[in-house]
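Following: one structure in structure tokens, then a few remarks.
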């Protein structure tokens with residue numbers, strides 16, 4: 003959900019690996035090449051959903067390869083082994099929901115070119131007062147800017163990857179985040195500042211304080227974007 007960027011050495015290494023193969027099937031069956039390829043991305047969570055871990059552990063597990071432009075698309079054969087078209091992904095995104103749906107950069111967000119995190123934000127739609135104990139809320143996706151040119155593509159991606167339904171079963175995580183925030187109220191923060199020996203002129207905001215305890219690396223934290231957005235909105 004955060005754009006995946008490559009430096010020149012990473013891109014050269016990826017190209018060097020795929021240059022040895024003419025067909026995707028040959029490349030994907032070559033364990034050494036496939037594992038060497040995915041480890042270069044240095045990500046641990048699926049870039050489409052930010053839910054499932056996709057760690058590369060040699061001879062144990064690696065991400066699946068999603069063809070952003072499906073091989074069944076008219077131009078799919080042309081991009082069968084193009085590094086811009088091989089997206090490390092979880093099984094759910096690659097096979098269960100995306101499958102043969104035709105994705106295109108004009109209709110969907112591309113993890114190497116678009117930053118979902120900068121376009122869409124998670125928020126809560128609270129439906130009743132006791133929402134924390136009665137399942138009285140839903141997890142929503144809202145655009146950060148109403149006029150962003152990528153909004154339509156973002157919501158098409160959300161729909162085709164079934165992200166709305168997949169995030170509703172993560173409400174327990176949201177409740178845990180909100181409980182965590184509650185424990186860092188003003189009184190508790192003063193005690194923590196004392197422990198940290200923070201002087202009054204150095205008082206930091208709750209958001210900054212929380213970053214001392216929470217990993218904000220979306221690429222490597224399951225539900226990292228959901229957590230970040232909830233913390234930003236409700237602290």
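Residue numbers (my numbering): 3 to 237.
In this text, a Cβ means the ideal position worked out from N, Cα and C, and glycines have one as well.
Out of 177, 153, 143, point me to the one whose CA is closest to residue 167's CA.
143
Checklist line | Rounded C-alpha distance that separates residue 227 from residue 48 | finding: 12 Å
Who are the Cβ neighbours of residue 81 in its own chain at under 6 Å, not counting the five residues just before and after it? 71, 87
What residue ranges within the segment 132–156 form continuous beta strand (DSSP E) runs of no fewer than 3 residues, ordered along the chain? 139–145
Review point. Got a sec: is the Cβ-Cβ distance from residue 19 to anything in chain C below 8 Å?
Key: This model lacks chain C altogether, as it is built from one protein chain only.
Exercise. Can the beta-carbon of residue 126 be found closer than 8 Å to that of residue 105?
Worked result: no
message = With three or more beta-carbon pairs closer than 8 Å as the criterion, would you say the segment 121–137 touches the segment 11–20?
response = no
>> Taking only three categories from DSSP, how would you classify residue 182?
In response: helix
Mapping DSSP to helix, strand and coil, what is residue 69?
strand
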